[in-house]
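Numbering (the UniProt record's numbering), first residue to last: 1 to 158.
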């Protein structure tokens, strides 16, 4: 199961035949394993990693750190669920320690979009004590994929 997930994380478009060949199983068995992983919820979906410099240079990404007051009986979950519902939000993570509780990754059309989202939507949610926004200037690697297309050499030095 872990081998299939690792392969799909690198190339979700791999054919069942190629996947089966890599794992020493038939294409049908590979398809059945993928279906089982999807139905059990291990695989939540598939996505495309985009080089925004080539696709849409105006896209802006930011990581927003939130200091939050946990809610009685649900901790951080209700606030995280509220934040997750916004279209701008790419991910929400609970952090284990440090100066903030939740890390929120957002995408906007420009700096003003992100600034508006933080000031008018996030900051107004009950329980959010403070925000700290960090704009992402350039992505080099995402989900194990090199964005600029330059793979390192086999020694990992290039």
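Glycine included, every Cβ here is placed at the ideal spot set by N, Cα and C.
Below 8 Å CB to CB, which residues in the same chain sit around residue 59 once its five sequence neighbours on both sides are set aside?
52, 107, 108 and 109, listed in sequence order.
Using only the alpha-carbon positions, how far apart do residue 67 and residue 143 sit?
If you take the alpha carbons of residue 67 and residue 143, they lie about 26 Å apart.
Mapping the DSSP letters down to three states, classify residue 102 as helix, strand or coil.
Strand at residue 102.
Taking the DSSP output, what are the residues bridged to residue 108?
60, per the DSSP bridge assignment.
Is the CB-CB distance between residue 65 and residue 131 below 8 Å?
Yes, Cβ-Cβ distance for residue 65 and residue 131 is below 8 Å.
Enumerate, from N- to C-terminal direction, the unbroken alpha helix (DSSP H) stretches of 4 or more residues contained entirely within the region 26 to 102.
The qualifying runs are 27 to 40, 52 to 55 and 77 to 84.
State the DSSP-derived secondary structure class of residue 7, mapped to helix, strand or coil.
It is helical.
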